[in-house]
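S.K.: So in this note's numbering, spot 228 of the sequence shown is number 235, and the numbers just go up one at a time. Have a look at the structure that comes next, please.
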Amino acid sequence: KEELDPCFQSLSVFDLRFVVDCDAADNEIQWCRNMLKNYRPDHVENPDFHWRYCMIVRTEVRYKAPDWKQRPKTYKQLISGGGMCGPRAWFGRLACKSFGVPTWGVRQPGHAAMSHWTSSSHSYTICLGGQNWEKSYWAGTNGRYFDFESRARSSLALKEFPGLFVLTRCIAAINGEVEVSSQSSQWRTPARLKNIWTELRRLKIREMSNNASDHHLNEQKAQADEDYVFVEKIGEDMIQTQKSVSFLQNGDFVLQASSCCEADEGGGRVKIMKSFLEDGGQQVHLRQEGFVKYIVDLTDEAEGEVKIVKFKLTCRIVTVHADTTPLILGISPSKSLSSGFDEYEIQIPYSEGEWTTTEPVVVHLVPGEKNLLHFFREDPSSLGLTIKDFSFQRLD
Numbered sequence: 008k009e010e011l012d013p014c015f016q017s018l019s020v021f022d023l024r025f026v027v028d029c030d031a032a033d034n035e036i037q038w039c040r041n042m043l044k045n046y047r048p049d050h051v052e053n054p055d056f057h058w059r060y061c062m063i064v065r066t067e068v069r070y071k072a073p074d075w076k077q078r079p080k081t082y083k084q085l086i087s088g089g090g091m092c093g094p095r096a097w098f099g100r101l102a103c104k105s106f107g108v109p110t111w112g113v114r115q116p117g118h119a120a121m122s123h124w125t126s127s128s129h130s131y132t133i134c135l136g137g138q139n140w141e142k143s144y145w146a147g148t149n150g151r152y153f154d155f156e157s158r159a160r161s162s163l164a165l166k167e168f169p170g171l172f173v174l175t176r177c178i179a180a181i182n183g184e185v186e187v188s189s190q191s192s193q194w195r196t197p198a199r200l201k202n203i204w205t206e207l208r209r210l211k212i213r214e215m216s217n218n219a220s221d222h223h224l225n226e227q228k229a230q231a232d233e234d235y236v237f238v239e240k241i242g243e244d245m246i247q248t249q250k251s252v253s254f255l256q257n258g259d260f261v262l263q264a265s266s267c268c269e270a271d272e273g274g275g276r277v278k279i280m281k282s283f284l285e286d287g288g289q290q291v292h293l294r295q296e297g298f299v300k301y302i303v304d305l306t307d308e309a310e311g312e313v314k315i316v317k318f319k320l321t322c323r324i325v326t327v328h329a330d331t332t333p334l335i336l337g338i339s340p341s342k343s344l345s346s347g348f349d350e351y352e353i354q355i356p357y358s359e360g361e362w363t364t365t366e367p368v369v370v371h372l373v374p375g376e377k378n379l380l381h382f383f384r385e386d387p388s389s390l391g392l393t394i395k396d397f398s399f400q401r402l403d
């Protein structure tokens with residue numbers, strides 16, 4: 008179904024272990040995949056593989072004491088309520104694994120992070136923490152050793168690896184060598200234990216890892232080009248030409264959120280991105296006090312004795328935070344901009360990462376004029392809100 012990252016097809020059994028070990032249930036994995044496509048498709052098509060998918064942690068999972076509303080704890084609650092380094096690392100791993108990208112947990116002194124497989128090096132890179140494998144560990148294994156082993160396994164000497172690894176480990180066991188946890192920064196076996204075969208295995212793995220980059224130089228470039236084409240293809244498939252305003256014969260119309268005439272894009276407060284929805288086009292993501300403005304041209308409407316026209320307004324939106332902020336709509340006809348505008352408050356529901364429609368609000372537009380529509384939120388701490396379009400249903 009092409010739901011997973013293209014790298015999934017080229018993963019080894021060793022790397023696949025770090026995809027299928029996800030602690031989330033199948034429905035949570037599917038939810039995470041859908042949520043990212045709905046709410047932040049820009050993270051799914053990010054050309055920077057280092058932050059593809061897991062960038063959702065930096066933009067949406069607030070660094071704070073977690074706010075668990077109920078038991079059992081869920082990933083929906085995590086992205087909504089926030090968390091410190093541990094929960095943020097959990098969510099980052101889920102975001103990658105849900106698209107078939109292997110992740111390896113990372114613990115560092117006083118901190119929790121994550122790492123994931125990258126197509127650019129056929130090895131793992133640390134995210135949400137310091138780029139220091141020596142100071143990293145997970146499940147009793149030091150990060151430096153894991154880095155060496157993952158690189159060695161990806162080298163052209165792959166056929167040699169299982170035999171070398173298994174044989175030396177068996178000889179070490181026969182000679183009574185004790186396998187010492189390599190969790191500490193001293194990933195080599197202490198000299199006093201004289202674990203010759205264990206140390207030999209580790210040194211050989213290190214040598215193979217150093218050769219891996221030379222062996223895979225061309226393959227990595229080909230994979231990187233494939234990823235770039237994949238991202239470009241997503242963009243071509245998602246973006247379709249849409250009218251900014253679609254008028255129907257009965258007077259109803261749909262206003263595309265991406266067709267704004269003005270947007271507060273400073274500091275990432277407004278982002279226009281491609282949409283994964285079947286009708287294609289683009290969508291808008293608002294943060295904090297970000298605003299968007301539109302011009303709705305009703306000059307073809309005869310004024311006559313009709314001073315205003317009533318419409319029932321609904322918005323197609325996605326949210327991932329339970330703490331939502333109302334969306335304010337200010338409307339002003341072009342001839343009376345200096346006299347201010349009428350304000351309407353649109354309540355935003357918590358949609359848990361799925362597309363939904365707001366409750367209708369009756370608004371007034373002026374026929375025979377170009378109406379300025381100004382959507383904004385007054386609270387500077389407002390969390391993310393994704394909007395696809397605004398539907399106006401005429402009432403009279």
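Heads up, the beta-carbon is just placed ideally off N, CA and C, and yes, glycines get one too.
(1) Taking just the CA atoms, how far does Ile36 sit from Asp271?
(2) For Leu43, collect the residues of the same chain with a Cβ closer than 7 Å to its Cβ; drop the 5 residues on either side in sequence, then sort them by chain order.
(3) By how many angstroms is the C-alpha of Arg114 removed from the C-alpha of Thr148?
(4) Which term fits Asn34, buried or exposed, when burial requires 16 or more other beta carbons within 10 angstroms of its beta carbon?
(5) For Phe153, does the three-state DSSP call read helix, strand or coil?
(6) Is the separation between the beta-carbon of Tyr152 and that of Ile203 shorter than 9 Å?
(7) Which word fits Gly391, buried or exposed, when buried means at least 16 other C-beta atoms lie within 10 angstroms of its C-beta?
(8) Under the assumption that Gly302 contacts Thr332 (Cβ atoms under 8 Å), give the Cβ distance between them as a whole number of angstroms.
(9) Nearest to Glu352 by alpha carbon, out of Leu379, Tyr144, Phe383?
(10) Within its chain, find whatever has a CB closer than 6 Å to the CB of Phe298; leave out the 5 residues flanking it on each side and keep chain order.
(11) Strictly by DSSP, which residues pair up with Tyr301?
(12) Can you tell me whether Pro387 is buried or exposed? The criterion is at least 16 other CB atoms within 10 Å of its CB, across all chains shown.
(13) On the three-pair Cβ rule with 8 Å, is the stretch 269-288 touching the stretch 324-331?
(14) If you draw a straight line from the alpha carbon of Pro116 to that of Ser122, how long is it in whole angstroms?
(15) Name the one or two DSSP bridge partners that Ser398 has.
(16) What's the gap between the Cα of Trp111 and the Cα of Val369?
(17) What would DSSP say about Val327, mapped onto helix, strand or coil?
(18) Hey, quick one: how far does the alpha helix (DSSP H) through Thr66 stretch, first residue to last?
(19) Given a threshold of 16 other Cβ atoms within 10 Å of its Cβ, counted over all protein chains shown, does Arg160 qualify as buried or as exposed?
(20) Run the CB neighbour count on Ser253, radius 10 Å, all protein chains shown included, and call it buried at 16 or more, exposed below.
(21) If you run the structure through DSSP and keep just helix, strand and coil, what is Met121?
(22) Could you please give me the residues that DSSP links to Trp111 through a beta bridge?
(23) So, is Gly93 buried or exposed, given that buried needs 16 or more other C-beta atoms within 10 angstroms?
(24) Taking its Cβ as the centre, do 16 or more other Cβ atoms sit within 10 Å of Ser17, making it buried, or is it exposed?
(25) In the DSSP assignment, the alpha helix (DSSP H) including Phe21 goes from what residue to what residue?
(26) Are the beta-carbon atoms of Phe25 and Pro79 separated by less than 9 Å?
(27) Buried or exposed for Glu9, going by 16 or more other Cβ atoms inside 10 Å?
(28) Determine whether the Cβ of Leu174 lies closer than 9 Å to any Cβ atom of chain B.
(29) Near Gly337, which residues of its chain fall below 6 Å by C-beta distance, leaving aside the five closest residues on each side in sequence?
(30) Under three-state DSSP, which class holds Ser105?
(31) In angstroms, rounded to a whole number, what distance separates the CA positions of Val261 and Thr321?
(32) If distances are taken between C-alpha atoms only, which option among Arg401, Gly273, Gln295, Phe21 comes closest to Glu385?
(33) Please go through the same chain and pick out, in chain order, the residues whose beta-carbon is closer than 6 Å to the beta-carbon of Phe397, but skip the five residues on each side of it.
(34) For the alpha helix (DSSP H) that His129 lies in, which residues bound it at each end?
(35) Going by C-alpha distance, which of Lys319, Asn139, Glu285 is nearest Trp362?
M.R.: Reading from the atomic positions:
(1) Taking the sequence shown and counting its residues from 1, the one referred to as residue 271 is at position 264. Taking the sequence shown and counting its residues from 1, the one referred to as residue 36 is at position 29. Near 34 Å, if we compare the C-alpha coordinates of Ile36 and Asp271.
(2) By 1-based counting over the sequence shown, the position of residue 43 is 36. Once the five neighbours on either side are set aside, the close Cβ partners of Leu43 are His50, Val51, Tyr60, Ile63, Ala102.
(3) By one-based count along the sequence shown, residue 148 stands at place 141. By one-based count along the sequence shown, residue 114 stands at place 107. Note on geometry: alpha-carbon atoms of Thr148 and Arg114 lie some 10 Å from one another.
(4) One-based indexing of the sequence shown puts residue 34 at position 27. Taking a 10 Å sphere around the C-beta of Asn34, we find fewer than 16 other C-beta atoms and assign the residue as exposed.
(5) The count along the sequence shown starts at 1 and reaches residue 153 at position 146. Residue state for Phe153 is assigned as helix, using DSSP reduced to three classes.
(6) Translated into the one-based positions of the sequence shown, residue 152 becomes position 145. Translated into the one-based positions of the sequence shown, residue 203 becomes position 196. No, these two residues do not count as a Cβ contact at 9 Å.
(7) Here residue 391 is taken as the residue at index 384 of the sequence shown, counted from 1. Classification for Gly391: buried.
(8) Residue numbering aside, residue 302 sits at position 295 when the sequence shown is read from its first letter. Residue numbering aside, residue 332 sits at position 325 when the sequence shown is read from its first letter. According to the sequence shown, residue 302 is Ile rather than Gly. About 25 Å; that fails the 8 Å criterion.
(9) Within the sequence shown, the letter at position 345 stands for residue 352. The alpha carbon of Glu352 has as its nearest neighbour, out of Leu379, Tyr144, Phe383, the alpha carbon of Phe383.
(10) Here residue 298 corresponds to residue number 291 of the sequence shown, with the count starting at 1. Here the set comprises Asp271, Phe383.
(11) Within the sequence shown, numbered from 1, the residue matching residue 301 stands at position 294. Beta-bridge partners assigned by DSSP to Tyr301: Leu380.
(12) The residue given as residue 387 occupies position 380 in the sequence shown. It counts as exposed.
(13) No, the stretch 269-288 is not in contact with the stretch 324-331.
(14) Here residue 116 refers to the residue found at position 109 of the sequence shown. Here residue 122 refers to the residue found at position 115 of the sequence shown. The C-alpha of Pro116 lies about 16 Å from the C-alpha of Ser122.
(15) Looking up residue 398 in the sequence shown gives position 391. Per DSSP, Val261, Thr321.
(16) To locate residue 111, count along the sequence shown from 1; it is residue 104. To locate residue 369, count along the sequence shown from 1; it is residue 362. When rounded, the distance between both Cα atoms is 51 Å.
(17) Your numbering for residue 327 matches position 320 in the sequence shown. Here Val327 carries a coil assignment [DSSP, helix/strand/coil].
(18) For this step, residue 66 is matched to residue 59 along the sequence shown. Thr66 -> alpha helix (DSSP H) spans 62-67.
(19) Within the sequence shown, numbered from 1, the residue matching residue 160 stands at position 153. Counting of Cβ neighbours within 10 angstroms places Arg160 among the buried residues, the total reaching 16 or more.
(20) Here residue 253 refers to the residue found at position 246 of the sequence shown. So Ser253 counts as exposed.
(21) Along the sequence shown, read from residue 1 onward, the residue named residue 121 stands at position 114. Assigned with DSSP and collapsed to three states, Met121 falls in strand.
(22) Taking the first residue of the sequence shown as position 1, residue 111 is located at position 104. Beta-bridge partners of Trp111 (DSSP): Ser122.
(23) Translated into positions along the sequence shown, residue 93 becomes position 86. With fewer than 16 other Cβ atoms within 10 Å, it is exposed.
(24) The residue given as residue 17 occupies position 10 in the sequence shown. Answer is exposed; the Cβ neighbour count stays below 16.
(25) For this step, residue 21 is matched to residue 14 along the sequence shown. 20-27 is the span of the alpha helix (DSSP H), which, as asked, contains Phe21.
(26) Position 18 of the sequence shown, counted from the first residue, corresponds to residue 25. Position 72 of the sequence shown, counted from the first residue, corresponds to residue 79. No. Outside cutoff.
(27) Counted from its first residue, the sequence shown places residue 9 at position 2. Classification of Glu9: exposed, given that the 10 Å Cβ count is below 16.
(28) Absent from the structure: chain B. Only one protein chain is present.
(29) To locate residue 337, count along the sequence shown from 1; it is residue 330. Within its own chain, the residues whose Cβ lies closer than 6 Å to the Cβ of Gly337, once the five positions on either side in sequence are excluded, are Phe348, Glu350, His381, listed in chain order.
(30) Reading the sequence shown from its first residue, position 98 is the one you call residue 105. Looking at Ser105 - three-state DSSP - the assignment turns out to be coil, as it is neither helix nor strand.
(31) As a working mapping, residue 261 is identified with position 254 in the sequence shown. As a working mapping, residue 321 is identified with position 314 in the sequence shown. When rounded, the distance between both Cα atoms is 10 Å.
(32) Your numbering for residue 385 matches position 378 in the sequence shown. Looking at the Cα atoms, Gln295 is the closest of the given residues.
(33) Residue mapping note: residue 397 aligns to position 390 of the sequence shown, counting from 1. Result list for Phe397: Leu262, Cys322, in chain order.
(34) The residue given as residue 129 occupies position 122 in the sequence shown. No alpha helix (DSSP H) contains His129, which DSSP labels as neither H nor E.
(35) The residue labelled residue 362 in the question sits at position 355 within the sequence shown. Distances from the alpha-carbon of Trp362 to those of Lys319, Asn139, Glu285 put Glu285 closest.
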